[in-house]
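For reference, the structure is listed below as structure tokens.
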Amino acid sequence: LKYVAEGYSNKQIAHTLGISEQTIKNHLTSILDKLDANDRTHAVVLAFRQGWIDIGESSPSA
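Using the numbering used here, you'd call the opening residue of the sequence shown number 21 and step up by one each time.
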């Protein structure tokens with residue numbers, strides 16, 4: 021979710037992690053289901069509220 025919060029597309033996340041874009045889609049679908057989130061943005065907001073991610077951190081590629 022940190023990559024999603026930083027604005028990365030599924031394709032960019034897949035490239036960064038060295039896995040397929042479909043794998044990213046599968047993981048995000050699972051995350052949305054587990055968080056009962058409506059979309060990527062909602063999932064990021066929920067994770068931020070729980071303290072699981074810090075929006076103010078440096079970018080994941082740093």
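Idealized CB from N, CA, C, for every residue including glycine. Being a predicted model, the structure only gives us computed values, none of them experimental.
Asked, Found
"Below 8 Å between beta carbons: does that hold for residue 64 and residue 34?", "no"
"For residue 73, which three-state DSSP category applies?", "coil"
"Given residue 60, which residues of its chain have a CB within under 6 Å of its CB, disregarding the five upstream and five downstream residues?", "24"
"Can you give the Cα-Cα distance for residue 69 and residue 28, rounded to whole angstroms?", "20 Å"
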